[in-house]
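Chemist: I am attaching a structure below and will ask some questions about it afterwards.
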Amino acid sequence: MKYVDEFRAPDLARGLARQIAREADTGRDYRLMEFCGGHTHAIFRHGVQNLMPANVQFLHGPGCPVCVLPVRRLDDAIELAERHGVILCTYGDMMRVPGTGRHSLLRAKAAGADIRMVYSTLDALQIARDNPLREVVFLAIGFETTTPPSAAAILTARAERLSNFSIFCNHVLTPPAIAHILRSPDFAPGGAARIDGFLGPSHVSAVIGSRPYEPAAAIFRRPVVIAGFEPLDVMQSVLMLVRQLNEGRFEVENQYTRVVTRDGNRRAQAMVAEVFRHRASFEWRGLGTVADSALALAPEFAACDAERRFALSDKVTREVKSCECPSVLRGVKKPTDCALFGTTCTPDNPIGACMVSSEGACAAYWSYGRSTSAAGARVA
87 MKYVDEFRAP
97 DLARGLARQI
107 AREADTGRDY
117 RLMEFCGGHT
127 HAIFRHGVQN
137 LMPANVQFLH
147 GPGCPVCVLP
157 VRRLDDAIEL
167 AERHGVILCT
177 YGDMMRVPGT
187 GRHSLLRAKA
197 AGADIRMVYS
207 TLDALQIARD
217 NPLREVVFLA
227 IGFETTTPPS
237 AAAILTARAE
247 RLSNFSIFCN
257 HVLTPPAIAH
267 ILRSPDFAPG
277 GAARIDGFLG
287 PSHVSAVIGS
297 RPYEPAAAIF
307 RRPVVIAGFE
317 PLDVMQSVLM
327 LVRQLNEGRF
337 EVENQYTRVV
347 TRDGNRRAQA
357 MVAEVFRHRA
367 SFEWRGLGTV
377 ADSALALAPE
387 FAACDAERRF
397 ALSDKVTREV
407 KSCECPSVLR
417 GVKKPTDCAL
427 FGTTCTPDNP
437 IGACMVSSEG
447 ACAAYWSYGR
457 STSAAGARVA
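Just so you know, we're using our numbering here: the sequence shown kicks off at 87 and counts up by one.
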C-alpha cells in the first residue's frame, strides 16, 4: 500500500495546505466545483475542506451518474421489469433510488419483478446466455467511464447472436454538462452562484482525455484541472487552480498524469464511436434538458436497443418538491440547506437520489460531513 499511502501523507498534506494559504489572495474567494462525486467523497472523507483557507470553497457538481438520472427514465426501467416481464440487470446503486411515488427497483423486485444486481456487463451477458427464452435488459447508466463496457457488451451480444439481450441506454457526457452549467442563469453574472474553476473528473478523463475540456475553458474563461482521487491529488489540483486564477490563465491542466493523457484511451473511444451516437438532447435531474449530452445506440444496433424493442408508455412523473437534490446537483445549494437532510431523508430512508448513491453529495455529508473535526482528523 506504499504507493497509495504516499498520496495520503499527513506531513505533505499540511505542507500543501500552507502553500495554498500563502498563495490564495485574501482579497478574493476561490469557488471551485468538483464535478465528480468521487471527489466530493474524497474531500469529506479525508477532511480536505478543513485544511483549506476560508476563501477557498468547494461547490459540488452533478458528477454522480445515479443522481442525474431523471425520474422518468427510472420509471421506464421499472416498467420494463414490471409490465414487459424482462430480466432487468442493474448496478446496486440504482436499486434504492426513488422514482415517482417513491417506487423503486428494490420495491418492484420485492413485489415480484425479476430485477438482478450485477457487477458488470459481463454478468448481464451471462444471464442472457443462461436464460435464452427470456428477454434480458441491462440498465446502462453512467458517464464516459462506463460507456466502453456497454459498447463491448453490445459487440459481444452481436458476435454471439444473443438475440435476447438489449440495453436501456442512459449514458451521459461530461463536457456538455460543464458547458450547460456555465450557461445557466444560476452562474450567469448576477446569478445565485459563481464558479471560478473546475476539478475535472479522474476516471472519465482516463477514457476521453483532457482535450475535450479545452473548448469550455477557453469559451467560458474557467480553468480546469484534472484531479486524482487521493487527498494530495485534490490539494495539489486546488493549488494549480489557485495559481491559474491568480495569473489570469484559463487552461486545462492535468494533475493526474499517472493515469490521464491529453487524448485518453483511443481504443475505448473507437469502440464507443462504433456502437453509439449522440442524442440531440437528454434530460438530467437537476440540470433539465441538456443539448448533445447523452448517447443512444446507433441504428445498426437497433436490435439491442430496449427503447426500440419495447413500447414504453408515456408517463406523468413526480418528485418530492421539498427535496433539494436538483439544486445540490447544480452546485447552488449544499445538502445541509435541504430541510429534509438528516431528518426525513437519511440513508435508511432516502428521499432523493443524492442520499442513495455512493457518489452522492448528500451521502458524503451524511457519512463524513456532519462532524468536521472528525473529518479533519483523518488527514491532519
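The beta carbon of each residue, even a glycine, is placed where N, CA and C say it ideally should be.
I need the boundaries of the beta strand (DSSP E) containing V418, first residue and last residue.
Modeler: Run containing V418: none; DSSP gives neither H nor E here.
Chemist: Contact defined as beta carbons within less than 8 angstroms: I believe N340 pairs with S296. What is the distance between those atoms, to the nearest angstrom?
Modeler: Right, their Cβ atoms sit about 5 angstroms apart.
Chemist: Sort out for me which residues DSSP pairs V376 with in a bridge.
Modeler: Answer is F368, bridged to V376.
Chemist: What first and last residue would you give for the alpha helix (DSSP H) that runs through R329?
Modeler: Here the alpha helix (DSSP H) through R329 covers 317-333.
Chemist: I'd like to check one pair, D272 with R308: are the Cβ atoms closer than 8 angstroms?
Modeler: No, Cβ-Cβ distance for R308 and D272 is not below 8 angstroms.
Chemist: Helix, strand or coil: which one does DSSP assign to Q143?
Modeler: Strand.
Chemist: Could you tell me whether the stretch 374-387 touches the stretch 119-138, using the rule of 3 or more Cβ pairs below 8 angstroms?
Modeler: Result no; under three Cβ-Cβ pairs closer than 8 angstroms.
Chemist: Helix, strand or coil, according to DSSP, for T231 in the structure here?
Modeler: Residue state, collapsed to three classes: coil.
Chemist: Reducing DSSP to helix, strand and coil, say where E339 ends up.
Modeler: In this structure, E339 counts as strand in the three-state DSSP scheme.
Chemist: Can you tell which of V328, R365, R182 has the C-alpha that lies nearest to the C-alpha of K195?
Modeler: It is R182.
Chemist: Near G184, what residues of its chain come up, given a Cβ to Cβ distance below 6 angstroms and the 5 sequence neighbours on each side ignored?
Modeler: According to the sequence shown, residue 184 is Pro rather than Gly. The residues are S190.
Chemist: Take I201 as the anchor and find which of T207, L241, R193 has the nearest alpha-carbon.
Modeler: Here the closest residue by C-alpha is R193.
Chemist: At a cut-off of 7 angstroms, is R182 close to the ligand HEM when judged by its beta-carbon and the heavy atoms of the ligand?
Modeler: Ligands displayed in this structure: none; no statement on the ligand HEM is therefore possible.
Chemist: Does the count of Cβ pairs from the stretch 216-227 and the stretch 346-361 closer than 8 angstroms reach three?
Modeler: No contact exists between the stretch 216-227 and the stretch 346-361.
Chemist: Hey, which unbroken runs of the alpha helix (DSSP H) at 4 residues or more fall wholly within the stretch 212-281?
Modeler: For the stretch 212-281, whole alpha helix (DSSP H) runs of length 4 or above, ordered along the chain, are 233-246, 260-269.
Chemist: By how many angstroms is the C-alpha of A382 removed from the C-alpha of A359?
Modeler: Using only the alpha carbons, I get a separation of about 11 angstroms.
Chemist: Does the structure place the stretch 420-428 close enough to the stretch 257-264 that three or more beta carbon pairs sit under 8 angstroms?
Modeler: No: fewer than three Cβ pairs fall under 8 angstroms.
Chemist: Under the rule that 16 or more other beta-carbon atoms within 10 Å means buried, what is Y205, buried or exposed?
Modeler: It is exposed - the Cβ of Y205 has fewer than 16 other Cβ atoms within 10 Å.
Chemist: Report yes if the C-beta distance between P448 and L415 is below 8 angstroms; otherwise report no.
Modeler: Here residue 448 is Cys; the residue named in the question, Pro, does not match the sequence. No.
Chemist: Thinking C-beta only, is T186 closer than 8 angstroms to T403?
Modeler: Yes.
Chemist: Taking A128 and F284 to be in contact with their CB atoms under 8 angstroms, please state how far apart those CB atoms are, rounded to whole angstroms.
Modeler: In fact, because the Cβ distance is near 15 angstroms, the residues do not count as touching under 8 angstroms.
Chemist: Name the DSSP beta bridge partners of S431, please?
Modeler: With the sequence shown as reference, residue 431 is identified as Cys, and Ser is not the correct amino acid for it. Answer is F427, bridged to C431.
Chemist: Identify, in the order they occur along the chain, each residue of the same chain with its Cβ nearer than 8 angstroms to the Cβ of G277, setting aside the five sequence neighbours on each side.
Modeler: Result list for G277: S270, P271, in chain order.
Chemist: From this set, K401, V376, S444, which residue's C-alpha is nearest R159's C-alpha?
Modeler: The residue with the shortest Cα to Cα distance from R159 is K401.
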